[in-house]
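For the sequence shown, the positions run 25 to 254 when this note's numbering is used.
The C-beta atom is built at its ideal place from N, Cα and C for all residues, glycine as well.
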Amino acid sequence: MVGFGKRIKRKAPKGWESLMLDYSLLKSRLEMASEVESLDGSQHGRTDSKVALALRNSFQHLLDSELEKVLAHYSLYSARLCSRVEGLKAETSVASQFFRQGLGPSELAELTKDVKTLAELWVEQAGKLRMLLQYLTLNLEGLRKILKKYKKSNAVGVSPRPGLVTLRLDHPSLPGGFVEQGSFLPLDMVEQINAMKDHDELVEASQTVRAALLELDAMKRQLSEAAGRS
Numbered sequence: 025m026v027g028f029g030k031r032i033k034r035k036a037p038k039g040w041e042s043l044m045l046d047y048s049l050l051k052s053r054l055e056m057a058s059e060v061e062s063l064d065g066s067q068h069g070r071t072d073s074k075v076a077l078a079l080r081n082s083f084q085h086l087l088d089s090e091l092e093k094v095l096a097h098y099s100l101y102s103a104r105l106c107s108r109v110e111g112l113k114a115e116t117s118v119a120s121q122f123f124r125q126g127l128g129p130s131e132l133a134e135l136t137k138d139v140k141t142l143a144e145l146w147v148e149q150a151g152k153l154r155m156l157l158q159y160l161t162l163n164l165e166g167l168r169k170i171l172k173k174y175k176k177s178n179a180v181g182v183s184p185r186p187g188l189v190t191l192r193l194d195h196p197s198l199p200g201g202f203v204e205q206g207s208f209l210p211l212d213m214v215e216q217i218n219a220m221k222d223h224d225e226l227v228e229a230s231q232t233v234r235a236a237l238l239e240l241d242a243m244k245r246q247l248s249e250a251a252g253r254s
């Protein structure tokens with residue numbers, strides 16, 4: 025079975041590999057801390073505990089850094105995508121209004137070209153939307169897995185305490201189910217992760233893309249019929 029670290033790299037959208045959550049590095053940092061903690065019973069126990077604590081702090085800082093990278097890319101790319109979708113929606117609305125007017129042969133030919141171009145642009149945005157959803161899904165799965173490993177390996181547990189917040193993540197093997205895991209993540213970061221998890225703006229963009237493609241497909245058929253009659 026291929027490990028998740030390799031799978032996340034293999035399934036990452038092309039060109040976005042370096043922008044993925046580095047699950048393998050996070051897992052390695054966590055395993056190092058666990059190995060040191062297992063030596064606590066030795067004569068160097070106190071030193072080992074300090075090293076393990078330093079490694080866990082290092083892991084937490086690394087996870088913060090990795091999540092900031094993921095959130096920054098998601099925020100930037102989703103904003104650009106949604107802006108482009110809104111722009112195309114306006115252009116499609118103009119084409120639709122023009123279509124409802126009485127058109128001569130030359131105008132029909134011009135509108136047919138415009139509709140074809142718009143359809144191609146919408147298909148392009150649909151592809152970008154799929155890429156971003158794949159990026160989101162893989163990174164959320166990686167985050168859920170690494171927090172679960174952190175909880176299991178943490179000798180003191182990950183129960184809520186000052187500065188700690190609970191992160192609620194959907195569980196992929198339980199449709200409609202979820203897991204609540206304690207984390208050391210700052211509240212503002214958890215809010216951003218929850219917004220990314222819900223991705224309401226992408227759901228809306230997906231619905232807009234689907235509706236636009238259906239509308240343009242209907243327009244193309246009617247334009248073809250009108251051209252045949254002229």
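Residue 125, DSSP secondary structure in three states: Position 101 of the sequence shown, counting from 1, holds the residue named residue 125. Three-state result, residue 125: coil.
At least three beta-carbon pairs within less than 8 Å, the region 28-39 to the region 142-151: With a cut-off of 8 Å, the region 142-151 and the region 28-39 do not count as touching, because too few Cβ pairs lie within range.
Cβ pair count under 8 Å reaching 3, the region 76-83 against the region 119-128: The region 76-83 vs the region 119-128: no contact.
First and last residue of the uninterrupted alpha helix (DSSP H) at residue 238: The sequence position of residue 238 within the sequence shown is 214, counting from 1. 224-253 is the extent of the alpha helix (DSSP H) around residue 238.
Helix, strand or coil at residue 44 [DSSP, three-state]: Position 20 of the sequence shown holds residue 44. The answer is coil: DSSP assigns residue 44 none of H, G, I, E or B.
Distance CB(residue 114)-CB(residue 244) smaller than 9 Å: Along the sequence shown, read from residue 1 onward, the residue named residue 114 stands at position 90. Along the sequence shown, read from residue 1 onward, the residue named residue 244 stands at position 220. Taking 9 Å as the Cβ cut-off, residue 114 and residue 244 do not qualify as a contacting pair.
Alpha carbon of residue 37 to alpha carbon of residue 58, nearest angstrom: Start at 1 with the first residue of the sequence shown, and residue 37 comes out as number 13. Start at 1 with the first residue of the sequence shown, and residue 58 comes out as number 34. Residue 37 and residue 58: Cα-Cα distance of roughly 32 Å.
Contact under 9 Å by Cβ, residue 226 with residue 100: Against the sequence shown, residue 226 aligns to sequence position 202. Against the sequence shown, residue 100 aligns to sequence position 76. No, the Cβ-Cβ distance between residue 226 and residue 100 is not below 9 Å.
Buried versus exposed, by CB contacts within 10 Å (16 or more), residue 183: Sequence index remark: in the sequence shown, residue 183 carries index 159 (1-based). Unreliable positioning characterises residue 183 in this predicted model, as indicated by a pLDDT of 47, which lies under 50. The coordinate reading is nonetheless provided below. Label assigned to residue 183: exposed.
Cβ-Cβ distance between residue 240 and residue 116 below 9 Å: The sequence position of residue 240 within the sequence shown is 216, counting from 1. The sequence position of residue 116 within the sequence shown is 92, counting from 1. A contact, by the Cβ cut-off of 9 Å.
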